[in-house]
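Student: Let me give you the structure first, and then I'll get to my questions.
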Amino acid sequence: MDTSRNRVHLCKENFQILVGLVNQMLTVLHPELLPLIYDIPVGLIPFWLKNGERPKLVIKVPKEMILAAKINQGFRIYAAPIVVQGKNTLGFLSAFFDDEDEPLVIWTLISSGNETLLDTVLCSQLDIYFFDVNNRELLGYKADLSCESTTRSFIEKIELLPYDFSIEKLSMDQMTKWFGMRSVQDDLSAIFVRGFKL
């Protein structure tokens, strides 16, 4: 048995796999998007390209959340109802379940001008790319999204308000309280993001 030939064959296979993975990275596919990603410290960043590709969602979070998304092959997005200046609106809580009772969460306040993000999370399929807070691309997968009709209707009909820094903390506090008191039905009504290989 020629072990040296086998080792060379395995090295070639591993190299081809590595090249295939690199060629599917957003960093390689669309380097023109990187300045926009680098400018945002943490959050959900949607991209709709004009060449017929699936919509893309960049998720920029600490590496612990990326690890949870990798282990679980997905995560959940909750549409949290909030009241701002007497008007009903919403925010997104993206939950990464490293712990079933106390998942890692990021908050996204949705204001007018963020309609693209609403449209993105209502898609049935996305390409999702994870960057850590040091702008390193660490994970990517094609994802199926499932959304209950009541959640979809709530998102589609909600009124988005202009962004105002003065109400951001109030909104975040409301979302945190809502998430802490969420019911089993709220968990079932979340948008389930299930990832598989790109």
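Counting from 14, one number per residue, gives the positions in the sequence shown under the numbering used here.
We put the CB at the ideal spot given by N, CA and C, even for glycine.
1) How about GLY56 and ILE119: do their beta carbons lie closer than 8 Å?
2) If you measure from the beta carbon of GLU128 to each beta carbon in chain D, is any gap under 8 Å?
3) According to the neighbour-count rule (16 or more other Cβ atoms, all chains shown, within 10 Å of its Cβ), is PHE209 buried or exposed?
4) Rounded to the nearest angstrom, what separates LYS100 and LEU174 at their Cα positions?
5) PHE143: buried (16+ other C-beta within 10 angstroms of its C-beta) or exposed?
6) LYS73 and ILE53 - do their beta-carbons sit closer together than 8 Å?
7) Rounding to the nearest angstrom, what Cα-Cα distance links LEU80 and LEU135 in this structure?
8) Quick one: using the 10 Å Cβ neighbour count with 16 as the cut-off for buried, is MET194 buried or exposed?
9) Span of the alpha helix (DSSP H) holding ASN10?
10) Would a C-beta distance cut-off of 8 Å place GLU77 and LEU117 closer than the cut-off?
11) For MET97 and SER184, which I take to be in contact (beta-carbon distance under 8 Å), what is that distance rounded to the nearest angstrom?
12) According to DSSP, is ILE204 part of a helix, a strand, or is it coil?
13) Helix or strand or just coil, what does DSSP make of TYR91?
14) Going by other Cβ atoms of all chains shown within 10 Å of its Cβ, with 16 needed for buried, is TYR154 buried or exposed?
15) Within a Cβ cutoff of 8 Å, which residues of the same chain sit near ASN85, ignoring the five residues on either side of it in sequence?
Tutor: In this structure, then:
1) yes
2) The question asks about chain D, but that chain is absent: this structure has only one protein chain.
3) exposed
4) 8 Å
5) buried
6) yes
7) 24 Å
8) exposed
9) The structure shown does not extend to residue 10, since the chain is modelled only from 14 through 211, so no value can be given for it.
10) yes
11) Before going further, note that residue 97 is Val rather than Met in the sequence given. Confirmed, about 6 Å.
12) strand
13) strand
14) buried
15) PHE109 and PHE110
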